[in-house]
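Take the sequence shown: its letters are residues 5 to 325, numbered as in this note's numbering.
Ideal placement from N, C-alpha and C gives every residue a C-beta, glycine not left out.
Structure first, commentary second.
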Amino acid sequence: MSENEIYDLIIVGGGPGGLTAGLYAMRAALKTVLIEKGVPGGQMALSDEVENWPGTERITGAELSMKFTRHAQSYGLEILSQEVVSVDPGLEYHSVRLANDTLLKAHGVIVGTGGSPRKLNVPGEEAYYGKGVSYCAVCDGFFFKNKTVLVVGGGDTAMEEALYLSKLTKHVYIAHRRDAFRASMILQERVKAECKIEVLWNTVLTAIEADEDGVCSVGLQDTVTGEKRNLPTDGVFIFIGFDPNNQLVPAGIKMNADGYVITDEKCETNISGIFVIGDLREKYARQIVISAADGSTAALAAAYHVEIRKAAAACALPEGL
Ligand code: NAP
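This is the structure:
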């Protein structure tokens, strides 16, 4: 990789979408670089177990991420461990600027930067992050061995993470703001069957308190009666959804009111040659398999786009020759 190198395709983000795009781009013989600032795999790498990747009944998120990465690299995909600071559309080429100030250019750019855990914004959440407040059970669960933790949320993530935590901890509370979960039935059933998990329905968190050892209790409020109480707990795990990581989406690209990027069926944005995939893209559901499908779609569409751009450039060449 050098400053003056022109790529066919630059992929920003190495989650399941980006890695699949890399695989398809290499198989389509596109000169491609994938840029990821963290560990390849994204959110998938943080999943304890993945049970809905077709053809594989059970695999850890870390192992599946490794397989995605190795598969793409086996076709020669270049993976750059760098932070991207901007994606800038251009007429001839689109540009991607890195944190080390290197400027890369390409005919096509695929952005798959995913989302970040949503914050509750209650007192104590920010102050005690890393001291008992966490957004990742696989990363931090170990620190709560034989302790009591409280999970917030009622979606698939909250269920999966509560189940994971129940294997390590003494007791898991799930505080959910209404009287029904939105998680898939299979996960709800597993949560119900786990005797270490206790659900606190119609309950919101109002504050997180800590002593010198870290989090020690939470303030809770019943959303029906308004009753307030304090509950001792050693940890708080918050899983209330994701916000799209849209900071790199260039100005002028259409997004919906929630900040997800609107694309066509090729995953192409309203700027030709800029594609958005995975959890950052407006869509019905967010799954590994859907991000992977986005990645393959975008890479195939990008291959066509690159071909047209190169053919157009070749037609324009004779004048200067
Ligand atoms: P989600 O489905 O959006 O669920 C968020 C949960 O947090 C909801 O129960 C919501 O309550 C609650 N919530 C939101 N804001 C809150 C607030 N301010 N205070 C209290 N509670 C709040 O998010 P997710 O569970 O992270 O899942 C995201 C996507 O990934 C979903 O499409 C999910 O299906 C998918 N996913 C799939 C799997 C799998 O298939 N194995 C695993 C993980 C995630 P309400 O229900 O009242 O709105």
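- A320 sits away from C271, with the two beta carbons spaced by 7 Å or more.
- Using a Cβ-Cβ distance cut-off of 8 Å, the segment 94-103 and the segment 53-71 are not in contact, since fewer than three pairs of beta carbons, one from each stretch, lie closer than that value.
- I212 sits close to G128, with the two beta carbons spaced by under 7 Å.
- A straight-line Cα-Cα distance of about 22 Å links I83 and Y308.
- With contacts defined by Cβ atoms closer than 7 Å, G119 and F246 form a contacting pair.
- As the crow flies, the alpha-carbon of N260 is around 30 Å from that of A141.
- Assigned with DSSP and collapsed to three states, I257 falls in coil, not helix or strand.
- Distance from the CA atom of G158 to the CA atom of Y11, rounded to whole angstroms, is 43 Å.
- Following the DSSP letters along the chain, one finds D247 in no alpha helix (DSSP H) but inside the beta strand (DSSP E) bounded by residues 246-248.
- The ligand NAP never approaches I83 closely enough for any of its heavy atoms to be under 6 Å from the residue's Cβ.
- In this structure, S51 is the residue among S51, K287, Q291, G18 with its C-alpha nearest to the C-alpha of E165.
- An exposed status is given to D183, since fewer than 16 other beta-carbon atoms sit within 10 Å of its beta-carbon.
- One alpha carbon belongs to G19, the other to G80, and they sit about 18 Å apart.
- In the DSSP annotation of this structure, the continuous segment of the alpha helix (DSSP H) that includes H75 starts and ends at 65-77.
- Following the DSSP letters along the chain, one finds A131 in no alpha helix (DSSP H), marked with neither H nor E.
- No heavy atom of the ligand NAP is found nearer than 6 Å to the CB of I266.
- Relative to the ligand NAP, N260 has its C-beta separated by 6 Å or more from all heavy atoms.
- Comparing alpha-carbon positions, the option among D283, K174, S138, T229 lying closest to G218 turns out to be S138.
- Of the heavy atoms belonging to the ligand NAP, none sits nearer than 6 Å to the Cβ of N274.
- Here G42 is exposed: its Cβ has fewer than 16 other Cβ atoms, across all protein chains shown, within 10 Å.
- Beta-bridge partners assigned by DSSP to T36: L13.
- F241 sits close to V153, with the two beta carbons spaced by under 7 Å.
- Taking C-beta atoms as the reference points, Q225 and T210 count as a pair closer than 7 Å.
- A distance below 7 Å between beta-carbons, with the five flanking residues on each side excluded, links R186 to the following residues of its chain, in chain order: G158, G159.
- Here the alpha carbons of V37 and G112 stand approximately 11 Å from one another.
- In this structure, the CA atom of C199 is about 40 Å from the CA atom of N250.
- Bounds of the alpha helix (DSSP H) holding H309 are 292-320.
- Check the Cα spacing between A255 and each of E61, R62, F72, S90: the tightest is with S90.
- Exposure of P236 is indicated by the presence of fewer than 16 other C-beta atoms within 10 angstroms of its C-beta.
- V228 carries a coil assignment under DSSP once its states are collapsed to helix, strand and coil.
- Beyond the five residues adjoining it in sequence on each side, R290 comes within less than 7 Å, by CB distance, of D283 in the same chain, given in chain order.
- For G145 and L169, the gap between their C-alpha atoms comes out near 6 Å.
- The beta-bridge partner set that DSSP reports for H98 consists of A110.
- Here the alpha carbons of P248 and M48 stand approximately 15 Å from one another.
- Taking each of I190, L23, A33, R101 in turn and checking the Cα distance to H75, the smallest one comes out for L23.
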